[in-house]
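Asker:
In mature numbering (1 follows the signal peptide of the UniProt record, and there is no 0), the protein residues as written are -24 to -1, 1 to 422.
#1: Which full runs of the beta strand (DSSP E) of 3+ residues lie inside the stretch 51 to 105, going along the chain?
#2: Can you tell which of 96, 185, 178 has its C-alpha closest to the C-alpha of residue 160?
#3: Count the CB pairs spanning the stretch 123 to 142 and the stretch 88 to 104 that are closer than 8 Å, and state whether there are at least three.
#4: For residue 324, which beta-bridge partners are listed by DSSP?
#5: Do residue 267 and residue 253 have their C-beta atoms within less than 9 Å of each other?
#6: Could you tell me the distance, in whole angstroms, from the CA atom of residue 170 to the CA atom of residue 233?
#7: Could you tell me which of 270, 271, 250, 315 sits nearest to residue 303, measuring between CA atoms?
#8: Touch check for the stretch 371 to 380 and the stretch 402 to 416: three-plus C-beta pairs under 8 Å?
#9: What's the gap between the Cα of residue 175 and the Cα of residue 222?
#10: Would you call residue 386 buried or exposed, if buried means 16 or more other Cβ atoms sit within 10 Å of its Cβ?
#11: Please classify residue 335 as buried or exposed, where buried requires at least 16 neighbouring CB atoms within 10 angstroms.
#12: Does any residue of chain D have a CB that is nearer than 9 Å to the CB of residue 106?
#13: Taking only three categories from DSSP, how would you classify residue 270?
#14: Quick check: the Cα distance between residue 481 and residue 120, rounded to an integer number of angstroms?
#15: Taking the alpha helix (DSSP H) that residue 168 falls in, what are its first and last residues?
#16: Run through the stretch 299 to 377 for me and flag every whole alpha helix (DSSP H) of 4 or more residues, listed as ranges in chain order.
#17: Straight-line CA distance for residue 321 to residue 63?
#18: Using only alpha-carbon positions, find the residue among 140, 305, 310, 292 that is nearest to residue 298.
#19: To the nearest angstrom, how far is the alpha carbon of residue 424 from that of residue 394?
#20: Does residue 35 pass the burial test, meaning 16 or more other C-beta atoms within 10 Å, or should it be called exposed?
#21: Within its chain, find whatever has a CB closer than 7 Å to the CB of residue 191; leave out the 5 residues flanking it on each side and keep chain order.
#22: Leaving out five residues on either side along the sequence, give the residues of the same chain with a beta carbon under 7 Å from the beta carbon of residue 261.
#23: Given a threshold of 16 other Cβ atoms within 10 Å of its Cβ, counted over all protein chains shown, does residue 116 qualify as buried or as exposed?
#24: Within the continuous alpha helix (DSSP H) that includes residue 403, where are the two ends?
#25: By Cβ distance below 6 Å, which residues in the same chain neighbour residue 428 in space, the five residues on each side in sequence not counted?
#26: Starting from residue 137, trace the alpha helix (DSSP H) in both directions and tell me its first and last residue.
#27: Would you mind sorting residue 289 into buried or exposed? The rule is 16 or more other CB atoms within 10 Å of its CB.
#28: Buried or exposed: which applies to residue 139, given that a residue is buried once 16 or more other Cβ atoms fall within 10 Å of its Cβ?
#29: Along the alpha helix (DSSP H) that carries residue 201, what are the first and last residues, could you check?
#30: Distance, Cα to Cα, residue 79 vs residue 168?
#31: Kindly indicate which three-state DSSP category residue 419 falls into: helix, strand or coil?
#32: Assign residue 342 to buried or exposed, taking buried as 16 or more other Cβ atoms, counted over all protein chains shown, within 10 Å of its Cβ.
#33: Identify the residues that DSSP records as bridge partners of residue 233: which are they?
#34: According to DSSP, simplified to helix, strand and coil, what is residue 127?
#35: Taking only three categories from DSSP, how would you classify residue 288?
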């Protein structure tokens, strides 16, 4: 079922600010009762917790819209490792513009496979160089909400997450550690990014993890009690993977929204060129591997529209062509493209690398034939598909037409944040911010 339209009169935007608490640096291991909250000194306060129904209109830290064009959520990922990038493309907390998004997610804290606590992925940066605290302080000062991403693709391998889901005591330690980071650094919510329950890094092995994951999210929700702390869940784009790993209707009782990773539909090892974040089906590809299908699947499954946040990539995925003369969609490829000069990842190119390659002579093609459209650049045997402003505009229209909760981007550091391509700084992020949050944008990219 969907949320009734009557539950959301007008445009309701709740931007919650709270005090940044401090917590003891060391807190002893505790057993987390379902009615226990962690205090600043590490002690437990037992309270009567009324489980809030997320289907009601009173949902913390969430913006809703019942009218096209009204303000949505705009969730932006900050990736700490971009700090280490060379050639003047280092992206730091100081670089980040905290005025463009409603929520900022710090990527990542990770699950420790021995203690089952959430811990900093890069203690030197996150703790010693005070990135956690600087991030939260800057985001709050701009009136936005800082969140902590926990997991990520790299941290999802192995069996640690699966063992966590099987053991309530391990879950207690995990939840306690997240609450401690909220209080110590000022985060106001968590985005759970285990990829994926029962299918670590896509290797499916245990369908029971679907229900276990729902149980852990319920446990976390109950532990958060009557706070305004947010719980959101990153989910994949492929409906088959969603169905295996996530009890969507059950989870939405406890989660504020689902961040749909509407990209990476196709592997760069697929043997043919595909746009990795297509809005509609591509030639000779499965009808389910596109954004429109994913969104309709979620809504038909009973997910409330405002609980769906559409993720959009600020990067392209590329291939090495078998024949440089065949350079459209669905052409033979021998493998991933060469890495970008800055990001240095095979088969992946940041938007700032794409636009600089265009300036450097790479050719661009687009296809607007009926409902099939997209864009890519190519040079000799290198081919990269990506979203420009026209593609993002159509996705924003989908968000508005389906009355979804908003949009998400991966990630801030992949945009042209230095403004080297002549369209101003962070043109894609600025465009989406203006469209989703009700402003206007003069940036336009062909």
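C-beta atoms are modelled at their ideal positions from N, C-alpha and C, and glycine is treated no differently.
Answerer: According to the structure shown:
#1: 79 to 87, 94 to 96
#2: Checking every option, the nearest Cα to that of residue 160 belongs to 96.
#3: With three or more CB-CB distances shorter than 8 Å, the stretch 123 to 142 counts as touching the stretch 88 to 104.
#4: 293
#5: yes
#6: Each residue's alpha carbon lies about 15 Å from the other.
#7: 250
#8: yes
#9: 11 Å
#10: The residue is buried, with at least 16 neighbouring Cβ atoms inside 10 Å.
#11: The residue in question, residue 335, is exposed, as its Cβ has fewer than 16 Cβ neighbours within 10 Å.
#12: Looking at the structure shown, chain D is missing, and only one protein chain is on hand.
#13: helix
#14: Only positions -24 to 422 of the chain appear in the structure, and residue 481 is not among them; the question remains open.
#15: Segment 165 to 169 is the beta strand (DSSP E) holding residue 168; no alpha helix (DSSP H) there.
#16: 327 to 335, 365 to 377
#17: So the alpha carbons of these two residues sit roughly 16 Å apart.
#18: 310
#19: Outside the shown range of the chain (-24 to 422) lies residue 424, about which nothing can therefore be said.
#20: Legend: pLDDT at residue 35 = 34, less than 50; position of this residue unreliable, no value from coordinates given.
#21: none
#22: 250
#23: Counting Cβ neighbours within 10 Å, residue 116 comes out buried, since at least 16 surround it.
#24: 403 to 412
#25: Here the chain has residues from -24 to 422 only, and residue 428 is not among them.
#26: 136 to 142
#27: Counting Cβ neighbours within 10 Å, residue 289 comes out buried, since at least 16 surround it.
#28: exposed
#29: Run containing residue 201: none; DSSP gives neither H nor E here.
#30: 15 Å
#31: Since pLDDT at residue 419 reaches only 40, below the 50 mark, its modelled position is unreliable, and the value read off the structure follows with that caveat. Here residue 419 sits in coil by DSSP.
#32: exposed
#33: 208
#34: strand
#35: strand
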